[in-house]
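J.: Quick one: structure below, then a few questions.
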Amino acid sequence: MRSTEEIVKSLRDALGGVGVVLPSLRVDPVTAASDEPFALVDLGRCNVRTAEQLTDVLRSLPVREALRARVRQVNREPKSR
Numbered sequence: 000m001r002s003t004e005e006i007v008k009s010l011r012d013a014l015g016g017v018g019v020v021l022p023s024l025r026v027d028p029v030t031a032a033s034d035e036p037f038a039l040v041d042l043g044r045c046n047v048r049t050a051e052q053l054t055d056v057l058r059s060l061p062v063r064e065a066l067r068a069r070v071r072q073v074n075r076e077p078k079s080r
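What follows is the structure in structure tokens.
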């Protein structure tokens, strides 16, 4: 498995390839300093135009029916507290 830093770079490159820039995209510093094997990815904040571009890109992608069914299933499951 790739490191969190490699994943962040790959995500930044992929987003940039479709014209989306998340200026605050980074490895989360708190979890990076923890004992967890992989830190969280902090997507950060973006302006409305960037959010709109990201939405357009995501909506243009084909979604496999199996993924759609799984998301619906998870959304119906009761939340544990």
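Going by numbering that gives the first Met the number 0, 79 is the number at position 80 of the sequence shown; the sequence numbering is gapless.
We put the beta carbon where it would ideally sit given N, CA and C, even for glycine.
1. According to DSSP, which residues form a beta bridge with R25?
2. I need the DSSP call for L57, collapsed to helix, strand or coil.
3. Go to A32, then tell me how far its alpha helix (DSSP H) extends in each direction, as first and last residue.
4. Quick one: give me the first and last residue of the alpha helix (DSSP H) that I4 is part of.
5. What are the start and end residues of the alpha helix (DSSP H) that includes V20?
T.: Taking the coordinates as given:
1. D41
2. helix
3. It is not in any alpha helix (DSSP H) - A32 carries neither H nor E in the DSSP assignment.
4. First, the amino acid is wrong: residue 4 is Glu here, not Ile. Taken as a continuous stretch (DSSP letters only), the alpha helix (DSSP H) holding E4 covers T3 to G16.
5. No alpha helix (DSSP H) contains V20, which DSSP labels as neither H nor E.
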